[in-house]
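Enquirer: Residues in the sequence shown are numbered from 252 upward in steps of one, following our numbering. Backbone N, C-alpha and C define an ideal beta-carbon position, used for all residues, glycine too. Just so it is clear, the structure is predicted and the values come from calculations on it, not from any experiment. Submitted below is the structure of interest, expressed as structure tokens.
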Amino acid sequence: MLKQFQIDVTNRCNMNCIHCRNGKLASSEITELTYEECIRIFHEAHELGCESINIGGGEPLLHKDVYKIINYVSKYCYTSLLTNGYIIDDEIAHKLKKTKVDMVQISLDSSTPEKHNKIRNSKNAYLNVRRAVEALTNCEISTCFMVTVSNYNIDELEEILKFATELKVTLVNFRRLIPQGSGNLNFGNLNPSFDKISKFLEKVKSLETQFNIGICLFPFFSFKNKNIADEYLKSPLEVAEGGCSAGVTGLSVSSNGNIQLCPHIPISLGNIKNDVLYKIWFENYTILKLRNRKNLKGKCGICKFNNVCGGCRAYPHQLHDDLLMEDSLCTEFRASTPNEVEV
Ligand code: SF4
Ligand code: SF4
């Protein structure tokens with residue numbers, strides 16, 4: 252069933268981040284969905300069972316109808332806004348409150364102002380994140396930090412969690428850097444080594460009980476806790492239901508109307524101007540292939556966790572132009588002994 256759908260209402264942005272998936276765009280490359288297009292595709296997703304909608308971009312708050320779109324969608328579904336937070340002040344927080352948005356997810360790249368500003372190419376970025384979270388919290392809107400893990404911040408886990416706790420943020424979502432757009436151009440400098448990522452994940456495990464805050468690590472690996480992983484193996488899922496949502500429980504639409512597996516996989520499965528979502532969802536060959544995780548190659552295909560994980564499909568797609576290839580960043584598989592993994 253389609254559970255999550257992301258609508259990228261515009262690719263316009265007021266920042267120029269060094270890991271941006273859209274990269275630096277010329278004005279001729281700016282595209283936006285109209286209000287009517289957003290509502291139409293939203294209903295198509297909702298009819299397929301979708302219960303959670305992300306409104307993203309670019310910077311979605313630059314779209315003239317964004318409040319109207321959120322206001323409409325939030326009547327039917329859990330609705331999140333993905334924003335850099337740059338323009339959120341008290342007035343915008345009040346406008347968002349009226350839309351009944353459920354969660355505002357704000358990008359944070361460092362707990363240090365200089366580093367966050369450098370990554371975002373903006374001298375006020377950090378101050379404005381603080382202002383945004385405070386304004387939203389004052390309006391009783393839940394907030395989440397979206398942290399793209401890179402060489403700039405991988406040693407700052409504790410500081411980021413402290414900063415989030417101080418600001419009363421509900422959830423910190425540590426995301427993987429995908430080699431896409433500017434993130435691809437700067438991948439060599441930004442991408443942490445496998446060993447650094449393994450240590451980072453271990454540190455999360457050791458710290459999570461100290462902080463009264465939600466921590467999400469996917470798409471690194473679904474289980475932070477070995478006991479939960481062991482419990483899962485007693486009765487594993489028969490079909491793919493968890494982990495990477497691309498084509499399995501999720502889809503997205505880009506600002507030019509292309510239907511995609513996920514915002515990080517810019518393969519067009521069709522376009523909302525010509526195609527209907529249910530046909531893509533039920534008949535598209537790539538989607539059908541992804542739904543059977545035995546089709547995944549290498550370690551992901553034989554992994555006991557693949558129906559609840561599946562790796563990140565964007566990563567091998569962007570690195571090797573192969574959606575089905577094993578996820579080379581999986582720490583779980585490398586940590587397993589041959590006896591623990593059936594080959
Ligand atoms: S491809 Fe990666 S980023 Fe996209 S839904 Fe799957 S895990 Fe998430
Ligand atoms: S091998 Fe693939 S499916 Fe298994 S845990 Fe690792 S990333 Fe997930």
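Going by DSSP, name the residue or residues bridged to T334.
Expert: Mapped onto the sequence shown, residue 334 falls at position 83. Answer is I357.
Enquirer: Tell me where the beta strand (DSSP E) around S503 begins and ends.
Expert: Counting from 1 along the sequence shown, the entry for residue 503 is found at position 252. That run of the beta strand (DSSP E) goes 501 to 504.
Enquirer: By a C-beta neighbour count over all protein chains shown, 10 Å radius and 16 as the cutoff for buried, is S486 buried or exposed?
Expert: Start at 1 with the first residue of the sequence shown, and residue 486 comes out as number 235. Result: exposed.
Enquirer: Is the segment 435 to 454 in contact with the segment 489 to 497, if contact means three or more CB pairs nearer than 8 Å?
Expert: Contact between the segment 435 to 454 and the segment 489 to 497 is absent, because fewer than three Cβ pairs lie under 8 Å.
Enquirer: Would you kindly check if the distance between the Cβ of A386 and the Cβ of I321 is under 9 Å?
Expert: Taking the sequence shown and counting its residues from 1, one reaches residue 321 at position 70. Taking the sequence shown and counting its residues from 1, one reaches residue 386 at position 135. The answer is no: Cβ separation not under 9 Å.
Enquirer: Would you check if the distance between the CB atom of S362 and the CB atom of R371 is smaller than 9 Å?
Expert: Within the sequence shown, residue 362 is the residue found at index 111, counting from 1. Within the sequence shown, residue 371 is the residue found at index 120, counting from 1. Result no, Cβ atoms of S362 and R371 do not sit closer than 9 Å.
Enquirer: For R263, which residues of its own chain have a beta-carbon under 6 Å away from its beta-carbon, when the five flanking residues on both sides are left out?
Expert: By one-based count along the sequence shown, residue 263 stands at place 12. The answer, listed in chain order, is I281, G309, L313.
Enquirer: The alpha helix (DSSP H) with F438 in it runs from where to where?
Expert: In the sequence shown, counting from the first residue as 1, residue 438 sits at position 187. Start and end: 438 to 441.
Enquirer: Tell me whether F438, by its Cβ, gets closer than 8 Å to a heavy atom of ligand 1.
Expert: As a working note, residue 438 is residue 187 in the sequence shown. Checking every heavy atom of ligand 1 against the Cβ of F438, none is found closer than 8 Å.
Enquirer: Rounded to a whole number of angstroms, what is the C-alpha to C-alpha distance between V559 and M252?
Expert: As a first step, residue 559 must be located in the sequence shown, where it is residue number 308. As a first step, residue 252 must be located in the sequence shown, where it is residue number 1. So the two alpha carbons sit approximately 15 Å from each other.
Enquirer: Should F533 be labelled buried (16 or more other beta-carbon atoms within 10 Å of its own) or exposed?
Expert: Here the question's residue 533 lines up with position 282 in the sequence shown. F533 is exposed by the Cβ-count criterion.
Enquirer: Can you give, in chain order, each stretch of the alpha helix (DSSP H) that sits fully within the segment 335 to 408 and has at least 4 residues?
Expert: You should have 341 to 350, 364 to 371, 376 to 389.
Enquirer: Along the chain, where does the beta strand (DSSP E) containing I479 start, and where does it finish?
Expert: Counted from its first residue, the sequence shown places residue 479 at position 228. Unbroken run through I479 is the alpha helix (DSSP H), 477 to 485; no beta strand (DSSP E).
Enquirer: Is any heavy atom of ligand 1 found at a distance shorter than 8 Å from the C-beta of S496?
Expert: For the purposes of this step, residue 496 is identified with residue 245 of the sequence shown, where counting begins at 1. Because some heavy atom of ligand 1 lies under 8 Å away, the Cβ of S496 counts as near it: yes.
Enquirer: Taking L422 as part of the beta strand (DSSP E), name the residues at either end of that continuous run.
Expert: As a first step, residue 422 is located in the sequence shown; it is residue number 171 there, counting from the start. Counting along the chain, the beta strand (DSSP E) containing L422 begins and ends at 422 to 427.
Enquirer: Go through the residues and name those whose CB comes closer than 5 Å to any heavy atom of ligand 2, in chain order.
Expert: Here the list is K550, C551, C554, F556, N557, C560, G562, D578, C581, E583, F584.
Enquirer: Less than 9 Å separating the beta-carbons of N368 and T330?
Expert: For the purposes of this step, residue 368 is taken as the residue at position 117 of the sequence shown. For the purposes of this step, residue 330 is taken as the residue at position 79 of the sequence shown. No, these two residues do not count as a Cβ contact at 9 Å.
Enquirer: Taking only three categories from DSSP, how would you classify I518?
Expert: Residue mapping note: residue 518 aligns to position 267 of the sequence shown, counting from 1. Coil at I518, not helix or strand.
Enquirer: Closest by CA to G439, which one among Y318, T537, L570, K530?
Expert: Residue mapping note: residue 439 aligns to position 188 of the sequence shown, counting from 1. Nearest C-alpha to G439: L570.
Enquirer: What residues in its chain sit with their C-beta under 6 Å from that of N273, if we drop five residues either side in the sequence?
Expert: Residue mapping note: residue 273 aligns to position 22 of the sequence shown, counting from 1. So the list reads N262, G432, once near-sequence residues are dropped.
Enquirer: Tell me whether N469 counts as near ligand 1, meaning its Cβ is closer than 8 Å to at least one heavy atom of that ligand.
Expert: Numbered from 1 along the sequence shown, position 218 holds the residue referred to as residue 469. A small fix is needed here, since residue 469 is Phe in this sequence, not Asn. Because some heavy atom of ligand 1 lies under 8 Å away, the Cβ of F469 counts as near it: yes.
Enquirer: Tell me, to the nearest whole angstrom, how far the beta carbon of I292 is from that of V504; I am working on the premise that it is less than 8 Å.
Expert: Numbered from its first residue, the sequence shown carries residue 292 at position 41. Numbered from its first residue, the sequence shown carries residue 504 at position 253. About 5 Å; that satisfies the 8 Å criterion.
Enquirer: Between the Cα of I538 and those of P517, G498, P567, G549, spot the shortest distance and give me the residue it belongs to.
Expert: For the purposes of this step, residue 538 is taken as residue 287 along the sequence shown, with counting starting at 1. Of the listed residues, the one whose Cα sits closest to I538 is G498.
Enquirer: Figure out for me which residue from K326, V324, L333, K374 has the closest Cα to the Cα of P202.
Expert: Residue 202 falls outside the range modelled here, since the chain spans only 252 to 594, and no answer is possible.
Enquirer: Which residues mark the beginning and the end of the beta strand (DSSP E) in which I466 is found?
Expert: What you label residue 466 is simply residue 215 of the sequence shown in a count that begins at 1. I466 -> beta strand (DSSP E) spans 465 to 467.
Enquirer: Taking 8 Å as the line, does the beta carbon of H515 fall inside it for any heavy atom of ligand 1?
Expert: Within the sequence shown, the letter at position 264 stands for residue 515. It does: the Cβ of H515 is within 8 Å (strictly closer) of some heavy atom of ligand 1.
Enquirer: Could you check the C-alpha separation between N535 and F396 for me, to the nearest Å?
Expert: For the purposes of this step, residue 535 is identified with residue 284 of the sequence shown, where counting begins at 1. For the purposes of this step, residue 396 is identified with residue 145 of the sequence shown, where counting begins at 1. Spanning the two alpha carbons is a distance of roughly 34 Å.
Enquirer: Please list the terminal residues of the continuous alpha helix (DSSP H) segment that includes I569.
Expert: Numbered from 1 along the sequence shown, position 318 holds the residue referred to as residue 569. For the sequence presented, residue 569 should be read as Gln rather than Ile. Residues 565 to 571.
Enquirer: Which of helix, strand or coil does DSSP assign to D446?
Expert: The sequence position of residue 446 within the sequence shown is 195, counting from 1. Looking at D446 - three-state DSSP - the assignment turns out to be helix.
Enquirer: Can we count G300 as close to ligand 1, meaning its CB is less than 8 Å from some heavy atom?
Expert: For the purposes of this step, residue 300 is taken as residue 49 along the sequence shown, with counting starting at 1. The answer is no for G300.
Enquirer: Run through DSSP, which three-state label would I306 get?
Expert: In the sequence shown, the residue the question calls residue 306 occupies position 55. If DSSP states are grouped into helix, strand and coil, I306 belongs with the strands.
Enquirer: With a CB to CB cut of under 8 Å and the five nearest residues on each side skipped, what residues in its chain are close to Y602?
Expert: Limits of the chain in this structure are 252 at one end and 594 at the other, which puts residue 602 out of reach.
Enquirer: Using a Cβ-Cβ cut-off of 7 Å (strictly less than) and excluding sequence neighbours within five positions of E302, which residues of its own chain qualify?
Expert: Along the sequence shown, one-based indexing puts residue 302 at 51. The residues are K254, C328, Y329.
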